[in-house]
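Please read the structure below before turning to the comments.
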Amino acid sequence: MKTVQKIVNDLLKESPFIQDGLAEGYINLSALASKFKPQIEKISRKVVQKGSIVMAIKRHDTSLGTQMHERKISNYISNLGDTIVRSNLVEYTFKNSETMLDKPLELLNVLKENTEAFYYTSKGLYETNIIVNSIISVDIERIYKSETLISSIKDLTSLTMRFPNDVLCIPGVFYFIFKKLAAKNVNIVELISTSNEFTIVISKKNTSIAFQVLEDLKS
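Numbering of the sequence shown is given in the working numbering, commencing with residue 1493 and proceeding in unit increments.
The following block contains the structure:
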């Protein structure tokens, strides 16, 4: 036999306009409970107190808030532009040292001759990451040959999305994207972000799947 909560959930799922009204807060819960009461009693085959129905609506409304927020994020992402894909990337991780501070200047001279090249670096407490196009790999290995290489990962791809200026005012946007990618078993090697750009670096083998996920979010 169905519980009152289950019946209420089913009734609300059949009524998207009522769900929207609950999310906006302009539906009277007591009046809605009175409307649902005959149907609930018919399905459950017992007398149900209106207060129990109100509580069931409130409990459903808690999960509804999450659904509505995700819908808001989905609508926001649907207005974004093209996803930019860059392939043949390599990630290097070096152990930090005093001599590491001299290397970026030499690398920048190389980048001046390759203005379209992909370049990203981040310095942690103990390690420094560098991601570049594979065509610059030889230069990286030459410039940093005296440093301790912790790891290098080849065959990487980056996917970049541009966001409006108000992206920081929308909680959960990036979490929403990560959740969709994780559901497709896409592992993120590196995350790069500026105020209005969001870039994920992934394995080449996951490129098609990740690209489709991002495109589906915008459809």
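Note that beta-carbon positions come from the ideal geometry of N, C-alpha and C, so glycine has one too.
Computed from a prediction, not measured in an experiment: that's the story for all the values here.
In the same chain as residue 1647, and ignoring 5 residues on each side of it, the C-beta atoms closer than 6 Å to its own belong to 1696, in chain order.
In the three-state reduction of the DSSP assignment, residue 1590 falls in the helix class, which pools H, G and I. Counting only runs of 3+ residues, no beta strand (DSSP E) is found wholly inside the stretch 1504–1564.
Between residue 1688 and residue 1657, the gap from beta carbon to beta carbon is short of 8 Å. Contact between residue 1521 and residue 1546 holds, since their C-beta atoms are separated by about 5 Å, short of 8 Å.
Listed in chain order, the alpha helix (DSSP H) runs fully inside the stretch 1614–1663 are 1629–1635, counting runs of at least 4 residues. Restricting attention to 1609, 1640, 1605, 1608, the CA atom closest to the CA of residue 1621 is found in 1640. Residue 1526 is classed as exposed because its beta carbon has fewer than 16 other beta carbons within 10 Å across all chains shown.
A straight-line Cα-Cα distance of about 14 Å links residue 1708 and residue 1562.
The DSSP-derived three-state label of residue 1690 is strand. Straight through space, the alpha carbons of residue 1568 and residue 1493 are spaced by roughly 41 Å. In the assembly as shown, residue 1595 is a buried residue. Its beta-carbon has 16 or more other beta-carbons within 10 Å. Cβ contact annotation for residue 1612 (same chain, cutoff 7 Å, sequence separation greater than five): 1623, 1684, in chain order.
Ranked by Cα distance from residue 1650, the options 1659, 1643, 1691, 1629 are led by 1691.
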